[in-house]
Amino acid sequence: MCVRFLLLRKFFILAVAVTAVSSTSLCPCVKVYQPVCGSDGITYPNICTLKCKQTSDHNLTLGYEGECEELCFCPLDYNPVCGRNGETYPNNCAFKCAKSSNTGLELSHKGECSNENIRAKKSIESQLDCPCTKKLSQVCGTDGNTYGNACLLRCAAKIKPGLKIAHKNRCLFHIKNPILTSCTCPYTIQYVCGTDGATYDNPCILKCAADTNPGLGRAHRGRCENKTYFS
4 MCVRFLLLRK FFILAVAVTA VSSTSLCPCV KVYQPVCGSD GITYPNICTL
54 KCKQTSDHNL TLGYEGECEE LCFCPLDYNP VCGRNGETYP NNCAFKCAKS
104 SNTGLELSHK GECSNENIRA KKSIESQLDC PCTKKLSQVC GTDGNTYGNA
154 CLLRCAAKIK PGLKIAHKNR CLFHIKNPIL TSCTCPYTIQ YVCGTDGATY
204 DNPCILKCAA DTNPGLGRAH RGRCENKTYF S
């Protein structure tokens, strides 16, 4: 029954994606199921079908390989809470998003985590027998935490069963920009460069900033050359 359900699910995704692509452009693709997740949160059966959709959606980019995880939308207000994992979350909604993929996560207290919370986290990490290089290649875990590289995430998974990579690059769980507090955006990375020379983590956040700065627009996709970031 489970296998049949998965096969039907894959067929449904394939049929929907191919129909959507064929209706917008003449772009033939092989019917091979190697799913990729687009920056729009939609699962495409393979990279070809995503590229076809890009011909009609110029903002669309590849998010990551594999089926899309369920996105968690939260307001960007900064009312921090501290998890018992020693991580500070910008608000209770962001904490609940992290908890949805890590049922063992518990709330420690309201407010940012103290040095004591952080020391406790490092103490747990030091007990893990898991050598890793110090090469920085950040990944975001399904627990909402950013890890320096995939090896460090696999180490943490020893004490966090079910922990996996949500996507490459850092998580978007450290939002302190008061300009954006009235907006609700997904925690996804799809860098865009604003006409103000600042890099925004995704188009939604750029649009939020533009609400208070009517002259602000998108310069180009990808990061700006300078080091100013808004998330």
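The end of the sequence shown is residue 234 by the numbering used here, with every number in the run present. C-beta atoms are modelled at their ideal positions from N, C-alpha and C, and glycine is treated no differently.
Integer Cβ distance of proline 48 from tyrosine 36, believed to fall under 8 Å: Contact annotation, proline 48 with tyrosine 36: C-beta distance approximately 5 Å; criterion of less than 8 Å satisfied.
Alpha helix (DSSP H) segments (min. 4 residues) lying fully within the region 83 to 125: 95 to 103, all fully within the region 83 to 125.
Whether or not the region 140 to 150 and the region 103 to 116 are in contact is what I'm after, with contact meaning three or more pairs of Cβ atoms, one per stretch, closer than 8 Å; do they touch? yes
Would you mind sorting serine 59 into buried or exposed? The rule is 16 or more other CB atoms within 10 Å of its CB. exposed
Just list the residues that DSSP pairs glutamate 68 with in beta bridges. Val39
For isoleucine 168, the first and last residue of its enclosing beta strand (DSSP E): Run containing isoleucine 168: 168 to 171, per the beta strand (DSSP E) assignment.
Looking at cysteine 85 and serine 111, is the spacing between their C-beta atoms short of 8 Å? yes
Excluding five sequence neighbours on each side, which residues of the same chain lie with their C-beta closer than 7 Å to the C-beta of phenylalanine 98? For phenylalanine 98, the CB contacts under 7 Å within the same chain, skipping 5 residues up- and downstream, are Val84, Gly86, Tyr92, Leu110 in chain order.
Cutoff 8 Å; reference valine 33; Cβ partners in own chain excluding five residues on either side: Asn49, Cys51
Among His170, Cys96, Arg224, Thr215, whose alpha-carbon lies nearest the alpha-carbon of glycine 69? From the listed residues His170, Cys96, Arg224, Thr215, the smallest Cα separation to glycine 69 is found for His170.
Got a sec, what are the start and stop residues for the alpha helix (DSSP H) arginine 157 sits in? 153 to 159
For the alpha helix (DSSP H) holding cysteine 135, just list the boundary residues, first then last. Counting along the chain, no alpha helix (DSSP H) covers cysteine 135, and no H or E run does either.
Give the range of the beta strand (DSSP E) segment to which alanine 212 is assigned. Alanine 212 -> not in any beta strand (DSSP E); alpha helix (DSSP H) instead, spanning 206 to 214.
N- and C-terminal bounds of the beta strand (DSSP E) containing cysteine 143: 142 to 144
Can you name the residues that DSSP bridges to arginine 226? Paired residue(s): none; arginine 226 is not in a bridge.
Glycine 197 - partner residues in DSSP beta bridges: Looking at the DSSP assignment, glycine 197 forms a beta bridge with Arg221.
Between which two residues does the alpha helix (DSSP H) containing threonine 52 stretch? 50 to 57
Tell me whether serine 140 is buried or exposed, calling it buried when 16 or more other Cβ atoms sit within 10 Å of its Cβ. exposed
Could you check if lysine 163 is buried or exposed, using at least 16 other CB atoms within 10 Å of its CB as the buried criterion? buried
Of the residues Glu90, Cys116, Val195, which one's Cα is nearest the Cα of glycine 144? Among Glu90, Cys116, Val195, the Cα nearest to that of glycine 144 is on Glu90.
Taking only the alpha-carbon atoms, compute the straight-line gap between glycine 41 and arginine 224 and give it to the nearest angstrom. 15 Å
Using 10 angstroms around the beta-carbon of cysteine 133, count the other beta-carbons present and answer buried if the total reaches 16, otherwise exposed. exposed
For tyrosine 194 and aspartate 204, what's the separation of their Cα atoms in angstroms? Going from the Cα of tyrosine 194 to the Cα of aspartate 204 covers about 5 Å.
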